[in-house]
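Participant: Last residue of the sequence shown: number 472 in the numbering used here, and the count goes up by one each step with no gaps. Glycine included, every Cβ here is placed at the ideal spot set by N, Cα and C.
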Amino acid sequence: MASESSKTQQSPIDHWIGGQRVKPTSGKYFTIKNPLNDSGMGEAAAGSVEDVNAAVEAAQKAFQSFRNSLPKERERILCKAAEILERDRNEFVDILVDEIGSPIKKANFEVEKALTLFRAAAGMSRNVTGKTIPSDVPGKFSMSVRAPIGVVAAITPFNVPLIKCVRLSCNPIGLGNTVVMMPSEEAPMIANRLAKLYEEAGLPEGVYNVVTGNGYEIGDTLTTHPHVKMVTFTGSSVVGQHIRELCAKHGKRMTLELGGKSPLVVMDDADMQQAVAGAVQSIFMYQGQVCMGASRVYVQQGVFDQFVKGFSQAAKGLQAGDLRDPATMIGPIISERQRGRVRDHIEDARDKGAKLEAGGDWDENRCLPTVLTGVTPQMTVYAQETFGPVVSVYPIKTIDDAIAESNDSRFGLSAAIFTTNINDAMRYALEVESGMVHVNGSSLHDEPHVPFGGVKDSGYGREGTEEDIEAMTEWKWITIQM
Ligand code: NAD
-9 MASESSKTQQ SPIDHWIGGQ RVKPTSGKYF TIKNPLNDSG MGEAAAGSVE DVNAAVEAAQ
51 KAFQSFRNSL PKERERILCK AAEILERDRN EFVDILVDEI GSPIKKANFE VEKALTLFRA
111 AAGMSRNVTG KTIPSDVPGK FSMSVRAPIG VVAAITPFNV PLIKCVRLSC NPIGLGNTVV
171 MMPSEEAPMI ANRLAKLYEE AGLPEGVYNV VTGNGYEIGD TLTTHPHVKM VTFTGSSVVG
231 QHIRELCAKH GKRMTLELGG KSPLVVMDDA DMQQAVAGAV QSIFMYQGQV CMGASRVYVQ
291 QGVFDQFVKG FSQAAKGLQA GDLRDPATMI GPIISERQRG RVRDHIEDAR DKGAKLEAGG
351 DWDENRCLPT VLTGVTPQMT VYAQETFGPV VSVYPIKTID DAIAESNDSR FGLSAAIFTT
411 NINDAMRYAL EVESGMVHVN GSSLHDEPHV PFGGVKDSGY GREGTEEDIE AMTEWKWITI
471 QM
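1. Can you check which of these residues, Val422, Pro379, Tyr372 and Phe377, is closest to Asp390 by C-alpha distance?
2. Around the Cβ of Thr21, are there at least 16 other Cβ atoms within 10 angstroms (buried) or fewer (exposed)?
3. Should Thr202 go down as buried or exposed, given a rule of 16 or more other Cβ atoms within 10 Å for buried?
4. Give the range of the alpha helix (DSSP H) segment to which His240 is assigned.
5. Any C-beta of chain D sitting closer than 7 Å to the C-beta of His232?
6. Looking at C-beta atoms only, is the number of pairs between the region 390 to 406 and the region 354 to 362 that lie closer than 8 Å three or more?
7. For the beta strand (DSSP E) containing Ile22, name the first residue and the last one.
8. Taking just the CA atoms, how far does Lys219 sit from Arg234?
9. By the 10 Å Cβ neighbour count, where 16 or more other Cβ atoms means buried, how is Glu100 classified, buried or exposed?
10. Per DSSP, which residues does Ile3 bridge with? Please list them.
11. Three or more beta-carbon pairs under 8 Å between the region 451 to 469 and the region 113 to 129, yes or no?
12. At which residues does the alpha helix (DSSP H) containing Glu73 begin and terminate?
13. From the DSSP output, read off the bridge partner residues of Ser325.
14. Does the region 302 to 319 come within contact of the region 401 to 416, defined as at least 3 CB pairs closer than 8 Å?
15. State buried or exposed for Val228, treating a residue as buried only when at least 16 other CB atoms are found within 10 Å of its CB.
16. Near Val256, what residues of its chain come up, given a Cβ to Cβ distance below 6 Å and the 5 sequence neighbours on each side ignored?
17. What residues in its chain sit with their C-beta under 6 Å from that of Asn430, if we drop five residues either side in the sequence?
18. Pick from Ser285, Asp261 and Ala260: whose alpha carbon is nearest that of Ser272?
19. For Lys98, report the span of its alpha helix (DSSP H) as first-last.
20. Below 8 Å CB to CB, which residues in the same chain sit around Lys(-3) once its five sequence neighbours on both sides are set aside?
21. Under three-state DSSP, which class holds Gln271?
22. Tell me whether Gln50 is buried or exposed, calling it buried when 16 or more other Cβ atoms sit within 10 Å of its Cβ.
23. Pull up the distance between the alpha-carbon of Ala267 and that of Phe301, whole angstroms please.
24. Between the region 197 to 217 and the region 164 to 180, do three or more beta carbon pairs fall short of 8 Å?
25. Going by the beta-carbon positions, is the gap between Leu105 and Val280 smaller than 7 Å?
26. Enumerate, from N- to C-terminal direction, the unbroken alpha helix (DSSP H) stretches of 4 or more residues contained entirely within the region 187 to 218.
27. Just curious, the beta strand (DSSP E) that Arg286 is in, first and last residue?
28. Comparing alpha-carbon positions, which option in Val141, Asp4 and Asn98 lies nearest Glu76?
29. Which same chain residues, not among the five before or five after Arg183, have their C-beta less than 8 Å away from its C-beta?
30. Hey, quick one: how far does the beta strand (DSSP E) through Glu347 stretch, first residue to last?
31. Looking only at its own chain, which residues have a Cβ that is under 8 Å from the Cβ of Ser252, when we skip the five neighbours before and after it?
32. Buried or exposed for Arg327, going by 16 or more other Cβ atoms inside 10 Å?
33. At which residues does the alpha helix (DSSP H) containing Arg417 begin and terminate?
34. Could you pull the start and end residues of the alpha helix (DSSP H) that Thr370 belongs to?
35. Just checking Phe148 against ligand 1 - is the residue's beta carbon closer than 6 Å to any of the ligand's heavy atoms?
36. Between which residues of its own chain and Gly349 is the CB-CB distance below 6 Å, once the five residues before and five after are set aside?
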């Protein structure tokens, strides 16, 4: 039972504002549920407009001194943060397993990734460099310098809370900005535990603040607050579009990392074992609740049957056991709302004539890995993001088909192609409408220093150490007449 295996039962979580635990002004808390069986495993503060305002004020106050912190100080804090995470990794893993139903392998992956994010952000602090610029005026020395922008609002999704809470806080902090974090209401514990980590690492009060609560109720207050200079958001395209409009209206910078319906192509000449393994990893990791998940697979007709057979067998063989068993791949779907969406997509496809090559069944809150063929544009699963372990496999004839079908989507986050033909690989990589493309590798891939992000409805702007220096600092042009 989930409640028996929960290792993270704890006292109510308050906000973290200005280096203090702060009770919600409403006095209300909401229940944090273990998605294995929806049992309560704790409570978190239900934030209000007043709480958001207090957090932004604290961040604005802290910015007045933190903006002048030395690179070596920020570097030391972020290196120390990595050390503490490495030391306390089991605590973070336990939260990821219990709070969001991460199989332990995925939880460990998050910790490893977060360590690289902290270390890469430590390096950012020394790279806030400027330029000297030639001047048209005799005797005028011209240069430009960068300065931190101020308070950054960071809003995160439920699915990779450690990766996103770390990345969306350590990059702004590495540059001398301050942060108000609003984590997903389904994953408030990680953001909160991170506050303790940053405090131990020596981060000054008010530089990292956390307000928990329902994003629908308090998100707009955060996004539009006059002191907030930038919103860095990761979540669904619907909420992202809403934030995009508010940021445009209120003159805020933004990066938006949104939903996906990523394509994966398998050509006749592909290494079949590699392609099947890549497709399995791309859609079934964390039971398909990953933005870069390849939920559309296009297979050249010469190997279509062979691929469908191998892929379906592999899907049926994935373990849905104890989340703390490293062999487990499939855990529960996060919430009843999300389970409803996954169920609807499968049932709609089945009712309209799609063939279930694998899965379609549920084991309590877990959806078993589901492989569909015969999917048509009339089915919901054809174009919409399911955000579950559900994948449609389609036959194609040529590389042109692969490109055209891949681009027939309003999303454009990640893409993958398996082929041994360099020309096909390169054409696909250059012509697919996607922020990221991987040849002979999974569609799920991320590193701290690469330009991570999507096109079309999958996002706006890019995350990454270089990209965040551009996004989270302000240029100033200075001249000196000699
Ligand atoms: P979601 O959009 O429902 O919620 C994300 C966050 O937005 C939550 O913290 C929520 O409280 C907040 N929110 C809701 N309304 C808001 C408002 N009006 N103003 C500000 N914030 C508000 O997404 P989710 O279900 O938590 O996550 C799944 C989605 O995230 C999927 O679509 C997935 O593809 C996407 N995602 C994208 C990436 C990426 O890098 N592109 C990474 C992970 C997840």
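Facilitator: Considering the structure as presented:
1. Indexing the sequence shown from 1 puts residue 390 at position 400. That would be Val422, whose Cα lies nearest to the Cα of Asp390.
2. If you number the sequence shown from 1, residue 21 lands on position 31. Exposed, since its Cβ has fewer than 16 Cβ neighbours within 10 Å.
3. On the sequence shown, position 212 is the one that residue 202 refers to. Buried, by the Cβ-count rule.
4. Working through the sequence shown from its first residue, we reach residue 240 at position 250. Unbroken alpha helix (DSSP H) run through His240: Ser227 to His240.
5. Among the chains in the structure shown there is no chain D, since it carries only a single protein chain.
6. no
7. Locating residue 22 in the sequence shown gives position 32, counting from the first residue. Note, Ile22: beta strand (DSSP E), Tyr19 to Asn24.
8. Translated into the one-based positions of the sequence shown, residue 234 becomes position 244. Translated into the one-based positions of the sequence shown, residue 219 becomes position 229. Rounded to whole angstroms, Arg234 to Lys219 spans 14 Å at the Cα level.
9. In the sequence shown, the residue the question calls residue 100 occupies position 110. Burial call: buried.
10. Taking the sequence shown and counting its residues from 1, the one referred to as residue 3 is at position 13. For Ile3, which the question treats as bridged, DSSP gives the partners Ala34.
11. yes
12. Start at 1 with the first residue of the sequence shown, and residue 73 comes out as number 83. Its alpha helix (DSSP H) spans residues Pro61 to Arg77.
13. Residue numbering aside, residue 325 sits at position 335 when the sequence shown is read from its first letter. Bridge partners of Ser325: none, in fact.
14. no
15. One-based indexing of the sequence shown puts residue 228 at position 238. Exposed, by the Cβ-count rule.
16. Here residue 256 refers to the residue found at position 266 when the sequence shown is read from its first residue. Result list for Val256: Ala265, Val289, Phe297 and Phe408, in chain order.
17. Taking the first residue of the sequence shown as position 1, residue 430 is located at position 440. For Asn430, where only same-chain residues beyond five positions count, the Cβ hits under 6 Å are Phe408.
18. The residue given as residue 272 occupies position 282 in the sequence shown. Of Ser285, Asp261 and Ala260, the residue nearest in Cα terms is Ser285.
19. Stepping through the sequence shown from its first residue, residue 98 is reached at position 108. Correcting the residue identity first, residue 98 is Asn in this sequence and not Lys. Counting along the chain, the alpha helix (DSSP H) containing Asn98 begins and ends at Ile94 to Met114.
20. Sequence index remark: in the sequence shown, residue -3 carries index 7 (1-based). Result list for Lys(-3): Asp84, Val87 and Asp88, in chain order.
21. Numbered from 1 along the sequence shown, position 281 holds the residue referred to as residue 271. Looking at Gln271 - three-state DSSP - the assignment turns out to be helix.
22. On the sequence shown, residue 50 is found 60 positions in, with the first residue counted as 1. Buried is the call here.
23. Indexing the sequence shown from 1 puts residue 267 at position 277. Indexing the sequence shown from 1 puts residue 301 at position 311. Taking the straight line joining both Cα atoms gives about 8 Å.
24. yes
25. For the purposes of this step, residue 105 is taken as the residue at position 115 of the sequence shown. For the purposes of this step, residue 280 is taken as the residue at position 290 of the sequence shown. Contact: no.
26. 205 to 214
27. As a first step, residue 286 is located in the sequence shown; it is residue number 296 there, counting from the start. It spans Arg286 to Gln290 - the beta strand (DSSP E) in which Arg286 sits, taken as one unbroken run.
28. Residue 76 sits at position 86 when you count from the first residue of the sequence shown. Measuring from the Cα of Glu76, the nearest candidate turns out to be Asn98.
29. Here residue 183 refers to the residue found at position 193 when the sequence shown is read from its first residue. Around Arg183: Glu81, Phe82 and Ile85.
30. Within the sequence shown, numbered from 1, the residue matching residue 347 stands at position 357. Per DSSP, Glu347 belongs to the beta strand (DSSP E) from Lys345 to Ala348.
31. To locate residue 252, count along the sequence shown from 1; it is residue 262. Excluding sequence neighbours, Ser252 sits near Ser272, Met282, Gly283, Ala284, Ser285, Arg286, Phe401, Leu403, Ser404, Ala405, Ala406, Ser424 and Ser433.
32. As a working mapping, residue 327 is identified with position 337 in the sequence shown. Arg327 comes out exposed.
33. Counting from 1 along the sequence shown, the entry for residue 417 is found at position 427. Ile412 to Glu421 is the span of the alpha helix (DSSP H), which, as asked, contains Arg417.
34. Residue mapping note: residue 370 aligns to position 380 of the sequence shown, counting from 1. Run containing Thr370: Thr370 to Ala373, per the alpha helix (DSSP H) assignment.
35. On the sequence shown, position 158 is the one that residue 148 refers to. Because some heavy atom of ligand 1 lies under 6 Å away, the Cβ of Phe148 counts as near it: yes.
36. Locating residue 349 in the sequence shown gives position 359, counting from the first residue. Counting only Cβ-Cβ distances below 6 Å, and skipping sequence neighbours, we find Leu358, Pro359 and Thr360.
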